[in-house]
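Below is one structure; the comments refer to it alone.
Numbering (the working numbering), first residue to last: 3 to 180.
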């Protein structure tokens, strides 16, 4: 079983409010979120993957099951006037490769990615939400390389330490030690 959580706003009801109260300003999940994810694993979930804060948060291995508290964003075609995404960390994440053997996690490897901040062409200065080449090509993921890859992986390793999860960084890849 996979539990997947993403935030959307519908009318006057915001799942973002329910699921990420203050998460956009935090580098770690709230206590109630940790409790909720543990309950989901206890109820039978094999893996929990969350995103939408939009920051890369740590990974916890709970009863042998991975909890990815937040993988940030993988596609980010937003208008350039949204200043809360000016933080460079909002444009970085990892792709997690989780290998199972039966119902048991065999390995977890991580590949850092970076999203492009500037799209091709120009944004529409009259209507920032107009679908155009700039928005269509902004925020697309590509593998992070060199020192940026190491930086992203080290940030994930540091964010995972409080959960007792050890991320071993080897060049441009990471591996979670089970």
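Beta carbons are placed, not taken as given, at the ideal position from N, Cα and C, and that holds for glycine. Quick caveat: nothing in here was measured; it's all calculated off a predicted structure.
Item to complete: Keeping to the same chain, check which residues put their C-beta closer than 6 Å to that of residue 39; ignore five residues upstream and five downstream.
Response: Reading the chain shown from its first residue, position 37 is the one you call residue 39. These residues qualify, in order along the chain: 50, 69.
Worksheet item: Which partner residues does residue 106 have in the DSSP bridge list?
Response: Along the chain shown, one-based indexing puts residue 106 at 104. Beta-bridge pairing links residue 106 to 103.
Discussion item. Quick check: what's the CA-CA separation for residue 100 versus residue 123?
Written reply: For the purposes of this step, residue 100 is taken as the residue at position 98 of the chain shown. For the purposes of this step, residue 123 is taken as the residue at position 121 of the chain shown. Spanning the two alpha carbons is a distance of roughly 37 Å.
Worksheet item: Is it right to say residue 160 is buried, meaning 16 or more other beta carbons lie within 10 angstroms of its own, or is it exposed?
Response: Numbered from 1 along the chain shown, position 158 holds the residue referred to as residue 160. Label assigned to residue 160: exposed.
Worksheet item: Whose C-beta lies closer than 8 Å to the C-beta of residue 144 among residues of the same chain, with five residues either side of it excluded?
Response: Here residue 144 corresponds to residue number 142 of the chain shown, with the count starting at 1. Excluding sequence positions up to five before and after residue 144, its CB lies within less than 8 Å of the CB of 115, 116, 117, 118, all in the same chain and listed in chain order.
Item to complete: At 4 residues or longer, and completely inside the region 129 to 166: list those alpha helix (DSSP H) runs for me, N to C.
Response: You should have 135 to 138, 148 to 162.
Item to complete: Kindly indicate which three-state DSSP category residue 2 falls into: helix, strand or coil?
Response: There is simply no residue 2 to check, as the chain begins at 3 and stops at 180 in what is shown.
Worksheet item: Nearest to residue 35 by alpha carbon, out of 71, 152, 137, 60?
Response: If you number the chain shown from 1, residue 35 lands on position 33. The shortest C-alpha separation from residue 35 is found at 71.
Worksheet entry | Inter-residue spacing [alpha-carbon to alpha-carbon] between residue 4 and residue 64 | The residue given as residue 4 occupies position 2 in the chain shown. The residue given as residue 64 occupies position 62 in the chain shown. Confidence in residue 4 is poor, its pLDDT being 48 and thus under 50, which makes the residue's placement unreliable; the coordinate value appears in the next sentence. One C-alpha to the other measures close to 14 Å.
Worksheet entry | Whole-number beta carbon distance between residue 94 and residue 154, since they are thought to touch under 8 Å | As a first step, residue 154 is located in the chain shown; it is residue number 152 there, counting from the start. As a first step, residue 94 is located in the chain shown; it is residue number 92 there, counting from the start. Correct: roughly 5 Å between the Cβ atoms.
Discussion item. Measuring only the C-alpha atoms, how far is residue 173 from residue 148?
Written reply: One-based indexing of the chain shown puts residue 173 at position 171. One-based indexing of the chain shown puts residue 148 at position 146. Computed Cα separation, rounded: 8 Å.
Worksheet item: Which of the three DSSP states, helix, strand or coil, is assigned to residue 122?
Response: On the chain shown, residue 122 is found 120 positions in, with the first residue counted as 1. Residue 122 sits in coil when the DSSP states are folded into three classes, being neither helix nor strand.
Worksheet item: Do residue 158 and residue 97 come within 7 Å of each other at the CB atom, strictly closer than that value?
Response: Indexing the chain shown from 1 puts residue 97 at position 95. Indexing the chain shown from 1 puts residue 158 at position 156. No.
Discussion item. Can you tell me whether residue 170 is helix, strand or coil according to DSSP?
Written reply: The residue labelled residue 170 in the question sits at position 168 within the chain shown. If DSSP states are grouped into helix, strand and coil, residue 170 belongs with the strands.
Worksheet entry | Whole-number beta carbon distance between residue 162 and residue 66, since they are thought to touch under 8 Å | By one-based count along the chain shown, residue 66 stands at place 64. By one-based count along the chain shown, residue 162 stands at place 160. That pair is no contact at about 16 Å.
Item to complete: With DSSP as the reference, label residue 56 as helix, strand or coil.
Response: As a first step, residue 56 is located in the chain shown; it is residue number 54 there, counting from the start. Correct three-state label for residue 56: coil.
Worksheet item: Just checking my contact of residue 75 with residue 56 at CB under 8 Å: how many whole Å lie between their CB atoms?
Response: Here the question's residue 75 lines up with position 73 in the chain shown. Here the question's residue 56 lines up with position 54 in the chain shown. Sure, about 5 Å apart at Cβ, within 8 Å.
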